[in-house]
Amino acid sequence: LEVSRAALQRSLDVNFGAVLHVSQIVARQMIAQGVPGAIVNVSSQASQRALRDHAVYCSTKSALDMLSKVMAMELGPHKIRVNTVNPTVVMTDMGRINWSDPQKAAAMINRIPLGKFAEVDDVVNSI
-1 LEVSRAALQR SLDVNFGAVL HVSQIVARQM IAQGVPGAIV NVSSQASQRA LRDHAVYCST
59 KSALDMLSKV MAMELGPHKI RVNTVNPTVV MTDMGRINWS DPQKAAAMIN RIPLGKFAEV
119 DDVVNSI
């Protein structure tokens, strides 16, 4: 639960606010042009499972999941689908920093059926 107000705000801005604002812009244009389509948000399995020392991350990703559900409800009548991809740990710069401790990583990897963290291409290719 140790987090500064600035770190909390940054996480909210990146994990929730940015998605909301970009989605508003994209959805307005799609509706105005009568274009059906899909919006895919990238969340995390951390939105569904509590992780020690990740209170803000888990919470902001949970908020993103709910935003996606509301967006699907509101944009569906315009033939715009909204889905969320919820990968496990992805080996981005942040992933490497947060999961560099072998003991911490092993506990998570043991719960992943493939026995490894995801790479960026794994997520990109699923979308």
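Numbering-wise (the working numbering), the sequence shown opens with residue -1 and increments by one.
Backbone N, C-alpha and C define an ideal beta-carbon position, used for all residues, glycine too.
As the structure is a computational prediction, the values presented were derived from the model and not from experiment.
Boundaries (first-last residue) of the beta strand (DSSP E) holding GLY35: The residue you call residue 35 lines up with position 37 of the sequence shown. Element bounds for GLY35: 35 to 40.
Where ILE37 falls, given that 16 or more other Cβ within 10 Å makes a residue buried: Position 39 of the sequence shown holds residue 37. ILE37 is buried by the Cβ-count criterion.
Neighbourhood of LEU3 by C-beta, 7 Å cutoff - its chain only, sequence neighbours within 5 removed: Walking along the sequence shown from the start, residue 3 turns up at place 5. According to the sequence displayed, residue 3 carries Arg and not Leu. Closer than 7 Å at the Cβ level, and outside the excluded window around ARG3, lies no residue.
Runs of alpha helix (DSSP H) wholly within the region 41 to 113 (minimum 4 residues, chain order): 53 to 73, 91 to 96 and 100 to 107
According to DSSP, residues forming a beta bridge with ALA116: Against the sequence shown, residue 116 aligns to sequence position 118. Answer is VAL88, bridged to ALA116.
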